[in-house]
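J.: Sequential numbering from 11 applies to the sequence shown in our numbering. For glycine and all other residues, C-beta sits at the position ideal for the given N, C-alpha and C. What follows is a single structure, and I will ask about it in a moment.
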Amino acid sequence: MPNWIETYRGAVPPWQCDVTEHFTVAYYFDRVEEAEASLAESLGFAGRPFQINARFARELRAGASFHIESALLGIDETRLRIGHRVIDSDSNEVVTWFDESWTPPSSPIPRERIAEWNGPAPEERGAPAAGLAFIPTARGRVKTADIDCAGNFSLGGMVHRFSNASGQFGNAIGMNSAYMTKNRRGFSTFELILQLSGALPLDAPYLVETGVALLGNSSLRMIHRMADPRSGTEVARLSQYGVNLDLDARRPARWPDDIRERAGALASVA
11 MPNWIETYRG AVPPWQCDVT EHFTVAYYFD RVEEAEASLA ESLGFAGRPF QINARFAREL
71 RAGASFHIES ALLGIDETRL RIGHRVIDSD SNEVVTWFDE SWTPPSSPIP RERIAEWNGP
131 APEERGAPAA GLAFIPTARG RVKTADIDCA GNFSLGGMVH RFSNASGQFG NAIGMNSAYM
191 TKNRRGFSTF ELILQLSGAL PLDAPYLVET GVALLGNSSL RMIHRMADPR SGTEVARLSQ
251 YGVNLDLDAR RPARWPDDIR ERAGALASVA
């Protein structure tokens, strides 16, 4: 497809896979940060997205080779839109889509570079209900290895913390390591919506709190919010939508009643 350019090529190391036995979502964001920089350089703009919609269509497992293609998708007075598609290099199948919104740059962008988007349209999820109960799920400080080229908490670093937060939240509702090991279960994410409203520099403290926006028969939508605990200022928010995954059948599995009861105390059950 015209105007899509290759911006990354690599493979999945085994040590970057999670308990669901596929590529950890934060490492997708790590690679996409590289793809963003290469596309921005080719188009002559700089900055950082304020929203990223990620849709995971299929798993990448340990040892899989993949590449990323990126393109300018549109620009107007309020938004510069770019997209990335993560492609299995063996099958040439798109496994993950990223649809990003940026603040438009002051310098002109070559509109002839605009490409057609053939990925999924972002779904309207809506804001979580008023009074959603949040519990603390991650806390720490920004480390040197977390810093991006602008000196702030990187996308990959933040999503790693949000992933840790989902593990803590799972433990709080009974989806702990004992449950997952005994029943061969894992939480498989199929959609992420990351909203960025601020930045954290090196050694800044962070606090992540998590609540349930939706609980279905086998699905769960969590809302994670990251803030500077010194001021309470929110810097990022992540909507994480996924399913209770049967690791052997590779299919969604119904939540056990005790987990539904504990999670339902923090949400309106669907």
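Using a Cβ-Cβ cutoff of less than 8 Å, which residues in the same chain neighbour V105 once the five nearest sequence positions on both sides are dropped?
T.: As a first step, residue 105 is located in the sequence shown; it is residue number 95 there, counting from the start. Excluding sequence neighbours, V105 sits near F66, A67, R68, E69, L70, F76, V96, I97 and D98.
J.: Kindly indicate which residue of K192, R151 and L90 has the alpha-carbon position closest to the one of F60.
T.: In the sequence shown, counting from the first residue as 1, residue 60 sits at position 50. The shortest C-alpha separation from F60 is found at L90.
J.: Indicate whether P1 and R240 have their beta-carbon atoms separated by less than 9 Å.
T.: Coverage of the chain is limited to positions 11 through 280, which leaves residue 1 absent and any answer about it impossible.
J.: Answer yes or no: do A182 and R261 have a C-beta to C-beta separation smaller than 9 Å?
T.: As a first step, residue 182 is located in the sequence shown; it is residue number 172 there, counting from the start. As a first step, residue 261 is located in the sequence shown; it is residue number 251 there, counting from the start. No, the pair does not count as a contact, with Cβ atoms beyond the cut-off.
J.: Quick check: the segment 77 to 88 against the segment 40 to 50, are there 3 or more CB pairs under 8 Å?
T.: yes
J.: Where do the N-terminal and C-terminal ends of the alpha helix (DSSP H) with R41 fall, by residue?
T.: The residue you call residue 41 lines up with position 31 of the sequence shown. V35 to L53 is the span of the alpha helix (DSSP H), which, as asked, contains R41.
J.: What number of angstroms, rounded off, separates the C-alpha of R194 from the C-alpha of V245?
T.: Working through the sequence shown from its first residue, we reach residue 194 at position 184. Working through the sequence shown from its first residue, we reach residue 245 at position 235. Their backbone Cα atoms lie some 35 Å apart in a straight line.
J.: Can you check which of these residues, R247, L53 and Y37, is closest to P120 by C-alpha distance?
T.: Sequence index remark: in the sequence shown, residue 120 carries index 110 (1-based). Checking every option, the nearest Cα to that of P120 belongs to L53.
J.: With a threshold of 7 Å on Cβ separation, who are the neighbours of I269 within its own chain once the five nearest residues in sequence on each side are excluded?
T.: Here residue 269 refers to the residue found at position 259 of the sequence shown. Cβ within range, chain order: I183, G184 and M185.
J.: By how many angstroms is the C-alpha of L248 removed from the C-alpha of D86?
T.: The residue given as residue 86 occupies position 76 in the sequence shown. The residue given as residue 248 occupies position 238 in the sequence shown. If you draw a straight line from the Cα of D86 to the Cα of L248, it is about 25 Å long.
J.: By alpha-carbon positions, which one of M232, F144, L204 and K192 ends up nearest to S176?
T.: As a working mapping, residue 176 is identified with position 166 in the sequence shown. The candidate whose alpha carbon is nearest that of S176 is M232.
J.: Could you have a look at V169 and say whether DSSP puts it in helix, strand or coil?
T.: By one-based count along the sequence shown, residue 169 stands at place 159. Helix at V169.
J.: Given a cut-off of 9 Å, decide if P132 and N174 are closer than it, judged by their beta-carbon atoms.
T.: Translated into the one-based positions of the sequence shown, residue 174 becomes position 164. Translated into the one-based positions of the sequence shown, residue 132 becomes position 122. Cβ distance not < 9 Å, so N174 and P132 don't count as in contact.
J.: So Q250 and L202 are in contact, right, with Cβ under 8 Å, and what is the actual spacing, rounded?
T.: The sequence position of residue 250 within the sequence shown is 240, counting from 1. The sequence position of residue 202 within the sequence shown is 192, counting from 1. The pair is a contact, with the Cβ atoms about 6 Å apart (cut-off 8 Å).
J.: Using alpha carbons as the reference points, say which of A155, A72 and T30 lies closest to L257.
T.: Numbered from its first residue, the sequence shown carries residue 257 at position 247. Here the closest residue by C-alpha is T30.
J.: Provide the residue(s) that pair with Y216 in DSSP beta bridges, ordered along the chain.
T.: For the purposes of this step, residue 216 is identified with residue 206 of the sequence shown, where counting begins at 1. Its beta-bridge partners are G150.
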